[in-house]
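Residue numbers (my numbering): 1 to 371.
Only one structure is covered here, and it is reproduced in the block below.
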(Lines of atoms letter the chains of each structure in order from A and count residues from 1; the text may use other names and numbers.)
(Lines give C-alpha, C1' and ligand atoms only; values in the text may rest on other atoms or scores of the structure.)
Protein backbone atom coordinates (compact mmCIF):
# COMPACT_ATOMS: atom_id res chain seq x y z
CA UNK A 1 0.00 0.00 0.00
CA UNK A 2 1.44 3.31 -1.06
CA UNK A 3 1.21 6.02 1.60
CA UNK A 4 2.86 9.37 1.40
CA UNK A 5 1.48 11.31 4.39
CA UNK A 6 1.29 9.53 7.70
CA UNK A 7 -1.78 11.51 8.73
CA UNK A 8 -3.43 9.67 5.89
CA UNK A 9 -2.12 6.49 7.41
CA UNK A 10 -3.79 7.27 10.71
CA UNK A 11 -7.11 8.12 9.07
CA UNK A 12 -7.22 5.46 6.39
CA UNK A 13 -4.64 2.73 7.00
CA UNK A 14 -7.19 0.25 8.25
CA UNK A 15 -9.47 0.58 5.27
CA UNK A 16 -7.65 -2.23 3.52
CA UNK A 17 -9.49 -4.53 5.87
CA UNK A 18 -8.69 -8.05 6.90
CA UNK A 19 -9.61 -11.59 6.02
CA UNK A 20 -13.14 -12.43 7.07
CA UNK A 21 -13.35 -14.49 10.27
CA UNK A 22 -15.15 -17.14 8.24
CA UNK A 23 -12.15 -17.57 5.95
CA UNK A 24 -9.73 -20.46 6.57
CA UNK A 25 -6.87 -19.68 8.94
CA UNK A 26 -3.79 -18.94 6.80
CA UNK A 27 -0.88 -21.35 7.06
CA UNK A 28 2.11 -20.42 9.20
CA UNK A 29 4.31 -20.96 6.15
CA UNK A 30 2.85 -17.79 4.61
CA UNK A 31 5.05 -15.76 6.91
CA UNK A 32 8.36 -14.79 5.36
CA UNK A 33 11.20 -15.87 7.67
CA UNK A 34 14.77 -14.63 7.42
CA UNK A 35 17.56 -15.86 9.68
CA UNK A 36 19.69 -12.79 10.40
CA UNK A 37 22.25 -14.29 12.81
CA UNK A 38 22.56 -17.11 15.32
CA UNK A 39 19.27 -17.03 17.20
CA UNK A 40 18.02 -13.87 15.45
CA UNK A 41 15.08 -14.08 13.03
CA UNK A 42 12.97 -11.65 11.01
CA UNK A 43 9.31 -12.46 10.33
CA UNK A 44 7.44 -10.55 7.65
CA UNK A 45 3.75 -10.98 6.90
CA UNK A 46 3.03 -10.39 3.21
CA UNK A 47 0.30 -7.83 2.62
CA UNK A 48 -1.85 -10.57 1.09
CA UNK A 49 -1.85 -12.17 4.55
CA UNK A 50 -1.93 -9.21 6.93
CA UNK A 51 -3.91 -6.98 4.55
CA UNK A 52 -1.88 -4.03 5.73
CA UNK A 53 1.74 -2.86 5.96
CA UNK A 54 3.52 -6.13 6.74
CA UNK A 55 5.28 -4.87 9.87
CA UNK A 56 8.64 -6.50 10.53
CA UNK A 57 8.85 -8.56 13.74
CA UNK A 58 12.30 -9.54 14.96
CA UNK A 59 12.71 -12.53 17.28
CA UNK A 60 15.88 -12.99 19.35
CA UNK A 61 16.41 -16.34 21.07
CA UNK A 62 18.61 -15.87 24.12
CA UNK A 63 20.23 -18.30 26.57
CA UNK A 64 17.07 -18.81 28.63
CA UNK A 65 14.31 -16.77 26.97
CA UNK A 66 13.18 -14.85 23.89
CA UNK A 67 13.04 -11.12 23.12
CA UNK A 68 10.71 -9.79 20.41
CA UNK A 69 10.77 -6.42 18.65
CA UNK A 70 7.29 -5.19 17.60
CA UNK A 71 3.98 -7.01 17.25
CA UNK A 72 1.57 -7.07 14.31
CA UNK A 73 -1.68 -5.24 13.64
CA UNK A 74 -3.99 -8.24 13.49
CA UNK A 75 -4.21 -10.68 16.40
CA UNK A 76 -4.45 -13.53 13.92
CA UNK A 77 -1.12 -12.56 12.35
CA UNK A 78 0.49 -12.22 15.78
CA UNK A 79 -0.66 -15.73 16.62
CA UNK A 80 1.13 -16.98 13.50
CA UNK A 81 4.35 -15.31 14.69
CA UNK A 82 3.94 -16.87 18.14
CA UNK A 83 3.46 -20.24 16.44
CA UNK A 84 6.72 -19.74 14.55
CA UNK A 85 8.53 -18.84 17.77
CA UNK A 86 7.29 -22.02 19.43
CA UNK A 87 8.44 -24.02 16.41
CA UNK A 88 11.93 -22.57 16.89
CA UNK A 89 12.26 -22.91 20.67
CA UNK A 90 10.47 -23.91 23.86
CA UNK A 91 11.95 -20.90 25.65
CA UNK A 92 9.37 -18.32 26.77
CA UNK A 93 9.09 -14.79 25.39
CA UNK A 94 9.98 -12.59 28.36
CA UNK A 95 10.51 -9.24 26.64
CA UNK A 96 8.55 -7.43 23.93
CA UNK A 97 9.74 -4.06 22.58
CA UNK A 98 7.29 -1.70 20.85
CA UNK A 99 9.06 0.64 18.44
CA UNK A 100 6.37 3.35 18.41
CA UNK A 101 2.69 4.11 18.85
CA UNK A 102 1.35 3.42 15.35
CA UNK A 103 -1.04 0.51 15.66
CA UNK A 104 0.71 -1.84 13.26
CA UNK A 105 3.59 -2.11 15.75
CA UNK A 106 1.74 -2.94 18.97
CA UNK A 107 -1.81 -4.16 18.34
CA UNK A 108 -0.52 -7.71 18.83
CA UNK A 109 0.59 -7.03 22.42
CA UNK A 110 -2.50 -8.71 23.84
CA UNK A 111 -1.69 -11.98 22.09
CA UNK A 112 1.82 -12.01 23.58
CA UNK A 113 0.43 -11.30 27.06
CA UNK A 114 -2.02 -14.19 26.74
CA UNK A 115 0.64 -16.56 25.41
CA UNK A 116 3.39 -15.50 27.84
CA UNK A 117 1.96 -14.20 31.14
CA UNK A 118 4.29 -11.84 32.97
CA UNK A 119 5.95 -10.60 29.77
CA UNK A 120 7.76 -7.27 30.04
CA UNK A 121 6.75 -4.77 27.35
CA UNK A 122 9.18 -1.89 26.74
CA UNK A 123 8.75 1.43 24.94
CA UNK A 124 9.77 5.03 25.39
CA UNK A 125 7.73 7.04 27.88
CA UNK A 126 6.55 9.25 25.04
CA UNK A 127 5.34 6.28 23.01
CA UNK A 128 3.45 4.89 26.01
CA UNK A 129 1.72 8.24 26.49
CA UNK A 130 0.60 8.27 22.86
CA UNK A 131 -0.67 4.70 23.20
CA UNK A 132 -2.82 5.62 26.20
CA UNK A 133 -4.82 7.99 23.99
CA UNK A 134 -5.61 5.43 21.31
CA UNK A 135 -8.93 3.68 21.81
CA UNK A 136 -10.31 0.91 19.63
CA UNK A 137 -12.82 3.33 18.08
CA UNK A 138 -9.93 5.42 16.79
CA UNK A 139 -8.47 2.34 15.17
CA UNK A 140 -11.50 1.13 13.27
CA UNK A 141 -13.63 4.21 12.55
CA UNK A 142 -12.05 4.74 9.13
CA UNK A 143 -12.77 1.11 8.28
CA UNK A 144 -16.42 1.56 9.23
CA UNK A 145 -16.61 4.65 7.04
CA UNK A 146 -14.97 2.76 4.16
CA UNK A 147 -17.45 -0.06 4.63
CA UNK A 148 -20.43 2.31 4.41
CA UNK A 149 -19.02 4.04 1.31
CA UNK A 150 -18.30 0.80 -0.51
CA UNK A 151 -21.72 -0.66 0.28
CA UNK A 152 -23.38 2.52 -1.00
CA UNK A 153 -21.21 2.46 -4.13
CA UNK A 154 -22.11 -1.18 -4.76
CA UNK A 155 -25.84 -0.47 -4.40
CA UNK A 156 -25.58 2.45 -6.82
CA UNK A 157 -23.57 0.40 -9.33
CA UNK A 158 -26.20 -2.35 -9.26
CA UNK A 159 -28.89 0.22 -10.10
CA UNK A 160 -26.99 2.17 -12.77
CA UNK A 161 -24.81 -0.55 -14.28
CA UNK A 162 -21.81 1.76 -13.98
CA UNK A 163 -19.04 2.47 -11.50
CA UNK A 164 -18.57 5.93 -10.02
CA UNK A 165 -16.01 6.78 -12.73
CA UNK A 166 -18.42 5.80 -15.49
CA UNK A 167 -16.77 2.47 -16.26
CA UNK A 168 -19.06 -0.54 -16.83
CA UNK A 169 -20.11 -2.47 -13.75
CA UNK A 170 -18.71 -5.86 -14.73
CA UNK A 171 -18.94 -9.15 -12.90
CA UNK A 172 -15.26 -8.80 -11.98
CA UNK A 173 -15.87 -5.31 -10.56
CA UNK A 174 -18.77 -6.65 -8.51
CA UNK A 175 -16.65 -9.48 -7.11
CA UNK A 176 -13.90 -7.02 -6.19
CA UNK A 177 -16.32 -4.72 -4.36
CA UNK A 178 -17.98 -7.60 -2.55
CA UNK A 179 -14.61 -8.99 -1.52
CA UNK A 180 -13.54 -5.56 -0.25
CA UNK A 181 -16.74 -5.33 1.81
CA UNK A 182 -16.22 -8.80 3.29
CA UNK A 183 -12.59 -8.12 4.16
CA UNK A 184 -13.28 -4.74 5.72
CA UNK A 185 -16.20 -6.11 7.74
CA UNK A 186 -14.01 -8.97 8.89
CA UNK A 187 -11.31 -6.57 9.95
CA UNK A 188 -13.76 -4.50 12.00
CA UNK A 189 -15.07 -7.65 13.67
CA UNK A 190 -11.54 -8.74 14.53
CA UNK A 191 -10.25 -5.41 15.79
CA UNK A 192 -13.27 -3.92 17.61
CA UNK A 193 -12.99 -6.06 20.77
CA UNK A 194 -9.18 -5.92 20.88
CA UNK A 195 -7.87 -4.67 24.26
CA UNK A 196 -5.07 -2.13 24.12
CA UNK A 197 -2.16 -3.51 26.14
CA UNK A 198 0.34 -0.82 27.17
CA UNK A 199 4.06 -1.20 27.88
CA UNK A 200 4.88 -1.83 31.54
CA UNK A 201 8.43 -0.49 31.34
CA UNK A 202 9.23 2.93 29.86
CA UNK A 203 12.55 4.67 29.29
CA UNK A 204 13.56 8.16 28.21
CA UNK A 205 16.70 8.31 26.07
CA UNK A 206 18.65 5.06 26.31
CA UNK A 207 18.30 1.65 27.89
CA UNK A 208 20.81 -1.20 27.88
CA UNK A 209 19.96 -4.65 29.19
CA UNK A 210 21.25 -8.21 28.89
CA UNK A 211 19.45 -11.48 28.41
CA UNK A 212 22.00 -14.11 29.30
CA UNK A 213 25.11 -13.29 27.29
CA UNK A 214 23.31 -11.15 24.70
CA UNK A 215 23.42 -7.34 24.96
CA UNK A 216 20.49 -5.18 23.85
CA UNK A 217 20.87 -1.43 23.39
CA UNK A 218 17.77 0.71 22.94
CA UNK A 219 17.74 4.40 22.10
CA UNK A 220 14.99 6.91 21.46
CA UNK A 221 14.77 8.27 17.92
CA UNK A 222 12.56 10.27 15.60
CA UNK A 223 11.06 8.60 12.55
CA UNK A 224 7.55 8.62 11.16
CA UNK A 225 6.62 8.97 14.84
CA UNK A 226 8.42 10.89 17.54
CA UNK A 227 9.60 9.00 20.62
CA UNK A 228 10.39 5.87 18.59
CA UNK A 229 12.71 3.09 19.76
CA UNK A 230 15.64 1.68 17.81
CA UNK A 231 17.30 -1.60 18.86
CA UNK A 232 21.01 -2.26 18.36
CA UNK A 233 22.59 -5.68 18.90
CA UNK A 234 26.30 -4.78 19.10
CA UNK A 235 27.69 -8.31 19.03
CA UNK A 236 25.69 -9.19 15.92
CA UNK A 237 26.04 -5.68 14.40
CA UNK A 238 22.30 -5.61 13.70
CA UNK A 239 20.09 -2.54 14.03
CA UNK A 240 16.28 -2.79 14.10
CA UNK A 241 14.85 0.60 13.26
CA UNK A 242 11.09 0.37 13.43
CA UNK A 243 9.73 3.07 11.15
CA UNK A 244 12.71 5.36 11.62
CA UNK A 245 13.75 3.73 8.35
CA UNK A 246 11.27 2.06 6.03
CA UNK A 247 11.64 0.56 2.60
CA UNK A 248 8.89 -0.51 0.21
CA UNK A 249 7.94 -4.22 0.34
CA UNK A 250 9.92 -4.82 -2.85
CA UNK A 251 13.05 -3.30 -1.33
CA UNK A 252 13.30 -0.65 -4.05
CA UNK A 253 11.83 2.77 -4.52
CA UNK A 254 11.85 5.86 -2.25
CA UNK A 255 10.63 5.90 1.36
CA UNK A 256 6.89 5.20 1.15
CA UNK A 257 5.59 7.79 3.62
CA UNK A 258 6.52 10.76 5.73
CA UNK A 259 5.38 11.65 9.23
CA UNK A 260 2.43 12.84 11.26
CA UNK A 261 4.62 15.52 12.87
CA UNK A 262 6.93 18.09 11.30
CA UNK A 263 10.11 16.89 13.04
CA UNK A 264 12.13 16.34 9.87
CA UNK A 265 15.55 17.59 11.03
CA UNK A 266 15.43 15.35 14.16
CA UNK A 267 14.52 12.48 11.86
CA UNK A 268 17.67 13.11 9.80
CA UNK A 269 19.70 13.29 13.03
CA UNK A 270 18.33 9.86 14.06
CA UNK A 271 19.18 8.39 10.66
CA UNK A 272 22.72 9.73 10.99
CA UNK A 273 23.02 8.19 14.45
CA UNK A 274 22.06 4.84 12.95
CA UNK A 275 24.49 5.34 10.08
CA UNK A 276 27.35 5.87 12.57
CA UNK A 277 26.83 2.41 14.11
CA UNK A 278 29.04 -0.54 13.24
CA UNK A 279 26.52 -2.47 11.14
CA UNK A 280 26.25 -5.70 9.19
CA UNK A 281 22.45 -5.69 8.87
CA UNK A 282 19.66 -3.09 8.98
CA UNK A 283 16.10 -4.24 9.65
CA UNK A 284 13.67 -1.49 8.62
CA UNK A 285 10.13 -1.19 9.95
CA UNK A 286 8.77 -2.54 6.68
CA UNK A 287 10.50 -4.36 3.84
CA UNK A 288 13.40 -6.83 3.64
CA UNK A 289 16.58 -6.63 5.72
CA UNK A 290 19.38 -4.57 4.23
CA UNK A 291 22.98 -5.78 4.08
CA UNK A 292 24.64 -2.41 3.64
CA UNK A 293 24.02 1.28 4.38
CA UNK A 294 23.33 2.42 0.82
CA UNK A 295 19.55 2.88 1.23
CA UNK A 296 20.06 4.54 4.61
CA UNK A 297 22.70 6.93 3.29
CA UNK A 298 20.64 7.76 0.21
CA UNK A 299 17.63 8.55 2.38
CA UNK A 300 19.75 10.85 4.55
CA UNK A 301 20.90 12.70 1.43
CA UNK A 302 17.31 12.94 0.18
CA UNK A 303 15.94 14.45 3.38
CA UNK A 304 18.96 16.72 3.80
CA UNK A 305 18.69 18.06 0.27
CA UNK A 306 15.01 18.90 0.72
CA UNK A 307 15.75 20.67 4.02
CA UNK A 308 18.58 22.70 2.48
CA UNK A 309 16.53 23.77 -0.53
CA UNK A 310 13.51 24.74 1.59
CA UNK A 311 15.68 26.82 3.91
CA UNK A 312 17.29 28.56 0.93
CA UNK A 313 13.90 29.38 -0.58
CA UNK A 314 12.49 30.75 2.65
CA UNK A 315 15.60 32.87 3.17
CA UNK A 316 15.12 34.34 -0.33
CA UNK A 317 11.62 35.38 0.63
CA UNK A 318 9.69 32.59 -1.10
CA UNK A 319 6.91 31.93 1.36
CA UNK A 320 3.85 30.18 -0.08
CA UNK A 321 4.13 26.38 0.18
CA UNK A 322 3.26 25.76 -3.46
CA UNK A 323 5.98 28.20 -4.53
CA UNK A 324 8.53 26.60 -2.18
CA UNK A 325 7.65 23.14 -3.49
CA UNK A 326 8.31 24.37 -7.04
CA UNK A 327 11.88 25.29 -6.06
CA UNK A 328 12.74 21.86 -4.64
CA UNK A 329 14.35 19.41 -7.06
CA UNK A 330 15.67 16.08 -5.77
CA UNK A 331 15.01 14.07 -8.93
CA UNK A 332 18.64 12.97 -9.24
CA UNK A 333 18.51 11.35 -5.80
CA UNK A 334 15.04 9.97 -6.45
CA UNK A 335 16.24 8.15 -9.55
CA UNK A 336 18.89 6.37 -7.47
CA UNK A 337 16.05 4.44 -5.80
CA UNK A 338 14.84 3.12 -9.16
CA UNK A 339 17.82 2.30 -11.41
CA UNK A 340 16.92 2.17 -15.06
CA UNK A 341 14.15 4.75 -14.83
CA UNK A 342 14.65 8.05 -16.63
CA UNK A 343 12.20 10.16 -14.64
CA UNK A 344 10.71 10.12 -11.19
CA UNK A 345 7.16 8.95 -10.67
CA UNK A 346 4.14 11.02 -9.72
CA UNK A 347 4.15 9.14 -6.42
CA UNK A 348 7.67 10.33 -5.71
CA UNK A 349 6.70 13.91 -6.54
CA UNK A 350 3.79 13.72 -4.09
CA UNK A 351 6.17 12.34 -1.47
CA UNK A 352 8.60 15.23 -1.99
CA UNK A 353 5.75 17.75 -1.77
CA UNK A 354 4.61 16.20 1.50
CA UNK A 355 8.08 16.32 3.05
CA UNK A 356 8.58 19.86 1.79
CA UNK A 357 5.44 21.04 3.55
CA UNK A 358 6.64 19.42 6.77
CA UNK A 359 10.04 21.13 6.47
CA UNK A 360 8.31 24.48 5.95
CA UNK A 361 6.35 23.90 9.16
CA UNK A 362 9.49 22.94 11.03
CA UNK A 363 11.34 25.97 9.65
CA UNK A 364 8.58 28.36 10.76
CA UNK A 365 8.01 26.93 14.25
CA UNK A 366 4.91 25.00 13.27
CA UNK A 367 3.33 27.54 10.94
CA UNK A 368 2.30 26.37 7.49
CA UNK A 369 1.38 29.40 5.33
CA UNK A 370 -1.61 29.17 2.99
CA UNK A 371 -0.95 28.34 -0.67
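Note that CB positions come from ideal geometry on N, CA and C, so glycine has one too.
Just so we're clear, the structure is a prediction, and the values are computed from it rather than from any experiment.
Do you know offhand how far residue i's Cα is from residue j's?
i: residue 125; j: residue 350; result: 33 Å
i: residue 77; j: residue 110; result: 12 Å
i: residue 291; j: residue 206; result: 25 Å
i: residue 343; j: residue 331; result: 7 Å
i: residue 131; j: residue 195; result: 12 Å
i: residue 144; j: residue 262; result: 29 Å
i: residue 374; j: residue 72; result: Lying before the first or after the last residue shown, residue 374 is absent from the chain, which here runs from 1 to 371.
i: residue 293; j: residue 353; result: 25 Å
i: residue 35; j: residue 235; result: 16 Å
i: residue 279; j: residue 179; result: 44 Å
i: residue 320; j: residue 365; result: 15 Å
i: residue 120; j: residue 181; result: 37 Å
i: residue 102; j: residue 260; result: 10 Å
i: residue 233; j: residue 160; result: 59 Å
Please go through the same chain and pick out, in chain order, the residues whose beta-carbon is closer than 7 Å to the beta-carbon of residue i, but skip the five residues on each side of it.
i: residue 333; result: 298, 301, 302 and 305
i: residue 198; result: 128, 131 and 132
i: residue 248; result: 256 and 287
i: residue 64; result: 91 and 212
i: residue 163; result: 157, 169 and 173
i: residue 200; result: 120 and 121
i: residue 368; result: 321, 357, 360 and 361
Who are the Cβ neighbours of residue i in its own chain at under 6 Å, not counting the five residues just before and after it?
i: residue 68; result: 59, 93 and 96
i: residue 100; result: 127, 225, 228 and 242
i: residue 214; result: 62
i: residue 116; result: 92 and 93
i: residue 37; result: 236
Leaving aside the five residues before and after residue i along the sequence, list all residues of the same chain whose C-beta is less than 8 Å from its C-beta, in chain order.
i: residue 274; result: 221, 230, 239, 241, 244, 245, 282 and 296
i: residue 355; result: 258, 264, 303 and 306
i: residue 324; result: 310, 313, 314, 318, 356 and 360
Provide the residue(s) that pair with residue i in DSSP beta bridges, ordered along the chain.
i: residue 302; result: In the DSSP output, where bridge partners are listed per residue, residue 302 has none listed.
i: residue 120; result: 95
i: residue 221; result: 228
i: residue 134; result: Answer is none; residue 134 lacks a bridge partner.
i: residue 348; result: Residue 348 is not bridged to any residue.
Does any residue of chain C bring its CB to less than 9 Å from the CB of residue i?
i: residue 166; result: Absent here is chain C; the protein component of the structure consists of one chain.
Quick check on the DSSP output: what are the complete alpha helix (DSSP H) runs of length 4 or more inside the segment 25-113, in order along the chain?
47-50 and 75-88
Just checking, does the segment 163-177 make contact with the segment 75-89 on the three C-beta pairs under 8 Å criterion?
no
Ordered list of beta strand (DSSP E) runs contained in the segment 158-206, each at least 3 residues
201-203
Extract the residue ranges of the alpha helix (DSSP H) inside the segment 231-287, only unbroken runs of 4 or more that lie entirely within it.
264-275
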